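What follows is a set of notes on a single structure, which appears directly below.
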Amino acid sequence: MNIENTKAQMRKGVLEYCILLVLRGRPLYASDIISELKEARMIVVEGTLYPLLTRLKNDKLLTYKWEESSQGPPRKYYELTPEGLAFLGELEESWSELVEAVARIREHHQNAGDPVESGHTGAAESTAETEEREETETTENH
């Protein structure tokens with residue numbers, strides 16, 4: 053399994069949430085959204101962003117407006133709708149629950165793979181315990 057593929061899938065899973073976060077409080081041009089996501093290491097290209105923006109718009113979570121630009125043609129600025137803001141609030145709650153659940157699992161199994169740290173030494177410990185128990189039983193019976 054390729055770690056880069058897994059990391060990319062994890063990023064894709066939270067990308068819509070990140071787009072809504074970036075748009076909270078202010079309208080942004082698509083290239084500004086891309087810049088913010090790249091700065092946060094959520095690597096995104098236009099070919100990935102535009103379909104997501106369209107889907108979020110179709111779901112009535114985003115709207116857009118055209119604004120004149122001094123540097124060329126008018127620009128499309130995206131912003132959250134009231135529904136988008138409410139949905140973002142729900143996502144934030146879900147995200148917090150997810151992060152806490154993963155943290156609990158990580159904490160519980162943090163050292164599971166390290167026999168020394170976890171206090172488990174595997175089959176060798178089991179054999180040693182068995183031999184010790186048998187020796188104790190033999191001594192007690194004589």
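Just add 52 to the spot in the sequence shown (first one is 1) and you have my numbering. We treat Cβ as the ideally placed atom computed from N, Cα and C, and that holds for glycine. The model shown is predicted, which means the values in this text are computed figures rather than measured ones.
query, result
"Determine the extent of the beta strand (DSSP E) in which threonine 115 is found, giving its start and end residues.", "114-121"
"Quick one: Cα of glutamate 119 to Cα of proline 125, how far?", "9 Å"
"Are the beta-carbon atoms of tyrosine 116 and lysine 109 separated by less than 8 Å?", "yes"
"So is alanine 164 in contact with chain B if we call contact Cβ pairs under 8 Å?", "Although the question refers to chain B, the structure presented lacks it and comprises just one protein chain."
"With a threshold of 8 Å on Cβ separation, who are the neighbours of arginine 196 within its own chain once the five nearest residues in sequence on each side are excluded?", "Because residue 196 is not part of the residues shown, which for the chain are 53 to 194, the question remains open."
"Mind reading off the beta-carbon distance from arginine 127 to methionine 94? Whole number of angstroms is fine, and I expect it under 8 Å.", "Rounded, the Cβ-Cβ distance is 22 Å, inconsistent with contact."
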